[in-house]
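263 is the number of the first residue of the sequence shown in this note's numbering; add one for each residue after it.
Let me begin by presenting the structure, written as structure tokens, before commenting on it.
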Amino acid sequence: MIHRTLFSTLLLISSISAGAPDKPEWQIIKTKYPTTDVVVAGYNVEDFGAKGDGRKDCTKAFQTALDRMHEAGGGTVFVPEGRYLFKGNLKIPVAVTLRGEWNEPTRENPSVRGTILMPLAGKGDPDGTPFITVDYCAGIKDLNIWYPLQSHQNPDPYPWCLIQKGGDNATFENLTLVNPYQGIRIGPGGNELHLVRNVYGTPLKTGIQYDSTTDIGRLEKIRFSPRWWCLGGLPKSPRNLDWTMENGTAIHMLRSDWEYVADVEIEGYARGFMISEGVRGAANAQFYHLIIRNCATAMEVEKTNPFGMVFTECYFDGAQHGVLVDEKFDSALLFSTCIFSGKEALRSNGSGNILMEQCRVLSGNVVLDKGAHSILGSALKDKNSRIRIGEKVIGVVLAGNQYPNPLPMVQSEAPDGIVQQSDAPPGLNPIPDFHKTTRTQYVPAKPALEVVHPSGSDDAAAIQQALDNSARNGGGMVLLPGQDYLIKGRLSIPGGVELRGVHDVPHHTMGGGSVLHIYPPDDEPTIAMEANSGMRGLSFNYPEQRIEEVKEYPFLIQGRGENIYVINVNAANPFKFIDFMSHRCDRHFIDYPSGAPFKVGVAVGGGSRNGIVQNMQFNPHYWSRAPRRNPLYANKTDGGVSSGTGARFWTYQKENLDALVVGHTENQFLYQNFVFGSLYGIHFTQQNGEGAINCVSHGHGTDGSKISCYFEYGHGEISMVNTELVAMSSQNKTAILISDGFDSEATLINTMVWGNPDILADVGNGTLTLQNLHANHHGQGLLLTRGTLKAFNLSFNQQGSHLSASDGTTTEMGGFITTGPLKASGAFPPHVIERSAKKR
């Protein structure tokens, strides 16, 4: 029996391998449906015996193709349109992307089209082996997954459809999860840097669940609703689906540090979004455009960590609750320009703080049983709605709110003096308009491909020759397969040409791939990008850089014209990373640059207009976690940031690194960027007397840095929404610093501050507007030496000084919640709630 099984297995392997290519056959895939890039694949699953006929088991064929791609150094395995049956499970290895044909569904055309994967295994076993496990620096994209045996009336439990194995970076993008019992699981084992983007579907029990994420995870453009299964057009699709409304949770967040959630729409679940404590603690997070409709409870918050959460332009519609806050909650929730509706639009049973500004309650009551709360410039739209305040509430500020009739809209059981009301409208700034583009194509002038393999010596000349050849032929791509390349000269990417590596998704240094090892020949930038050029999927390393003797190398990448794009590019240890500041680079697009720079991360300016920098991710571990067995990384740091050369590197960054520099720009958009370890996390400066004009930053995060946010210069409005600032160093730690050269207005709406800052905000000139801010630590608080401070809805979690305003300055304030008595000089805000300094 053993010999017969072995013989059958050998026959199967032989049949798969017979016609399969030994090496990747790199080719451009002409896709049937739109993509944001040109698809380049090393293998096609059909070459390994897979058939999209919906009958043949394709497990072995797919897994063999994926493993071969990993062995070749990484890249994309392509799956043509069809229906592929699976009786087993798949593992996507490091540096490999499984990619197919996918047509994004719409409300007007929700049909499932493209590549369809059909899993059968695990029926009846929710804790069984997941259908697909995604390893670090790997991804799955442009696919539909449909469980053909699933029932809508009494759904069968199945294992998780997709999971992140662990490590850094796993991407789930452009997917329709038609009807999994459980959709995507991340954690509870240690993990970091997930990206779940553009995912549609009807997960039944749980859509997405994540826990133990210790570096930024991103959820962007998620659409969960019964409609996608019901109207998908697949066999036996239900006409309607009530089960999820009674049993389902669309998204469940447990422990996640700094989670970014944006553009998520949910309808038809028992709980739209659940937030609770995980195996390693609770989360802090920021939310934008979280739209939850037609759920029993739109959002439930059991517990967060002390740093809290912020919500901007969100919509919470629940039959029972719009937002339900449980008794365990003892931190802060900040809502700006949000809409609530439900039998109870918002109920807070916890002891924490809730801050609301410019919000609307369409229907239902606001019930505040405990805690301290401030509601400014908001409106109740239904004449039957009430604000109900329990006897255990510490304090409530209601200022500048609108009510639909003159009847008493506030019902309080609290002692006299607990509720502070005012009809005077606070001078609140609106959320700035911005347009987030997610589907614009970034492609070379034409779909042509040239492949360059490493020589073992200096590869600069060979790569440059391929780039020039591509330009002479009217444009195209130069692909560097997943190996090590030595660069001892300089490169120039001509217009219409894209220099490309094997990573189709964001990746970490540990994922290897197409790595260019840089030996700078002079003081000029190593790679010059001309107008209309592009770069994606590459990694970089400086083998001779050492923290013991820092070499001040020139910029790695410099832009020199308009319409340049840099996407999914990693640099382990650049002294200076990306320069789009020395030259004007209109309409530049930088998406997910990652690494551990020494001196400058990303710099934009030069008069550039309408540029975008998004998903910047800087952390010392991009150098310390480099591949151990590659001698070209022998110089990497060790000990994390707590000891050894890792601690020395972090100290260097806190004294030297300008992570994100914004000079002379107009209409610059900064989206969900993050840095751990810098002198300046984000820095607005000047070039020849010109600074940023009409700059919008959404979702910026500075952690482990000395000066979190520095407004050195500016004469046009700068707005920052959903900002997290952590000041940590040995001395002179400031969350927000405005110098005397700044003569404009900086507006921060929905801000969280923690770490150990010496000063929360130091205002030397201009106008600083703060709306909805929670400070877990605030040092000496707000220092105003010149200019104007506008501060509304501020929550202080520690005792200490809160405000010092010098003579000649101007303040407009209201809605402060302090721990212990307010300590202020020179100006005193109205409407202050003083919480007891005792532990809650």
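From the three backbone atoms N, C-alpha and C, an ideal C-beta is built for every residue, glycine too.
Problem set entry | Per-residue DSSP class, three states only, for H1036 | strand
Exercise. Does the Cβ-Cβ distance between V358 and G337 come in under 8 Å?
Worked result: yes
Exercise. Apart from the five residues on each side of it in sequence, which residues of its chain come closer than 7 Å, Cβ to Cβ, to G494?
Worked result: P372, S373, V374, V440
Exercise. Exposed or buried, S413, counting other C-beta atoms within 10 Å across all chains shown (16 or more means buried)?
Worked result: exposed
Exercise. If you scan the region 339-416 from start to end, which runs of the beta strand (DSSP E) of 3 or more residues do you find wholly inside it?
Worked result: 344-348, 352-354, 358-362, 377-381, 394-396, 400-407
Exercise. Since D965 and F938 are thought to touch, with beta carbons under 8 Å apart, how far apart are those beta carbons, to the nearest angstrom?
Worked result: Sure, about 4 Å apart at Cβ, within 8 Å.
Exercise. Out of curiosity, what's the CA-to-CA distance linking N956 and G978?
Worked result: 6 Å
Exercise. Which value, in whole angstroms, describes the spacing of the CA atoms of Y577 and K483?
Worked result: 15 Å
Problem set entry | Cβ neighbours of P666 in the same chain (closer than 7 Å, five flanking residues each side left out) | L642, K643, D644, K645
Problem set entry | Status (buried if at least 16 other CB within 10 Å, exposed otherwise) for K565 | buried
Problem set entry | N892 - DSSP class collapsed to helix/strand/coil | coil
For this session: Give me the Cα-Cα distance between G281 and V924, rounded to the nearest whole angstrom.
Result: 54 Å
Problem set entry | Helix, strand or coil at K322 according to DSSP, with G and I counted as helix | helix
For this session: Following the continuous alpha helix (DSSP H) through R912, name the residue where it begins and the one where it ends.
Result: A small correction: the amino acid at residue 912 is Trp; Arg does not occupy that position in the sequence shown. 906-918 is the extent of the alpha helix (DSSP H) around W912.
For this session: With Y704 as the anchor, note down where its alpha helix (DSSP H) starts and where it stops.
Result: Unbroken run through Y704: none, as it is neither H nor E.
Exercise. DSSP on M671, reduced to helix/strand/coil?
Worked result: When secondary structure is reduced to three states using DSSP, M671 falls in the coil class, being assigned neither helix nor strand.
Exercise. Between which two residues does the alpha helix (DSSP H) containing C722 stretch?
Worked result: At residue 722 the sequence reads Ala, which differs from the Cys that was named. Residues 722-734.
For this session: Could you tell me the boundaries of the beta strand (DSSP E) in which T506 lies?
Result: Taken as a continuous stretch (DSSP letters only), T506 belongs to no beta strand (DSSP E), being part of the alpha helix (DSSP H) at 505-509.
Exercise. Helix, strand or coil: how does DSSP classify H332 here?
Worked result: helix
For this session: Counting only runs of 3+ residues fully inside the region 436-512, write out the beta strand (DSSP E) ranges in chain order.
Result: Under the rule that a run must span 3 or more residues, the beta strand (DSSP E) segments found entirely inside the region 436-512 read 444-448, 453-463, 468-472, 480-486.
Exercise. For K838, which residues of its own chain have a beta-carbon under 6 Å away from its beta-carbon, when the five flanking residues on both sides are left out?
Worked result: F817, K861, V862
For this session: On a CA-only basis, which of G1070, R650, N994 is nearest G1041? Give me that one, please.
Result: N994
For this session: Let me know if K916 comes out buried or exposed under the rule of 16 or more other beta-carbons within 10 Å of its beta-carbon.
Result: buried
Exercise. Does the beta-carbon distance from P392 to I425 come in below 8 Å?
Worked result: yes
Exercise. Is it right to say A1053 is buried, meaning 16 or more other beta carbons lie within 10 angstroms of its own, or is it exposed?
Worked result: buried
Exercise. Hey, how far is the Cα of A733 from the Cα of I944?
Worked result: 36 Å
Exercise. By how many angstroms is the C-alpha of G584 removed from the C-alpha of A989?
Worked result: 34 Å
Exercise. Rounded to whole angstroms, how far is the Cβ of F1004 from the Cβ of Y975, which I believe are closer than 8 Å?
Worked result: 6 Å
Problem set entry | Status (buried if at least 16 other CB within 10 Å, exposed otherwise) for T1080 | buried
Exercise. What does a CB cutoff of less than 8 Å around L503 pick up in its chain, not counting 5 residues either side in sequence?
Worked result: H414, T464, P488, W491, C492, G530
Exercise. With distances taken between CB atoms, is the gap from V812 to I840 smaller than 8 Å?
Worked result: The Cβ atoms of V812 and I840 lie no closer than 8 Å to each other.
Exercise. CB-CB under 6 Å to I656, same chain, minus the five flanking residues each way: which ones, in chain order?
Worked result: Within its own chain, the residues whose Cβ lies closer than 6 Å to the Cβ of I656, once the five positions on either side in sequence are excluded, are A634, R1097, listed in chain order.
Exercise. Going by C-alpha distance, which of M561, N556, L496, S499 is nearest I513?
Worked result: M561
Exercise. Taking the C-alpha atoms as reference points, what is the distance between S1066 and L1045?
Worked result: The straight-line gap separating the alpha-carbon atoms of S1066 and L1045 is approximately 5 Å.
Exercise. How would you write the range of the alpha helix (DSSP H) that L1064 sits in, first residue to last?
Worked result: Sequence inspection shows His at residue 1064; the Leu mentioned does not correspond to that position. First-last for H1064: undefined, no H or E at that position.
Exercise. In this structure, what does DSSP give as the bridge partners for R1022?
Worked result: The question names Arg, yet the displayed sequence has Leu at residue 1022. Note: L1022 sits in no beta bridge, so no partner.
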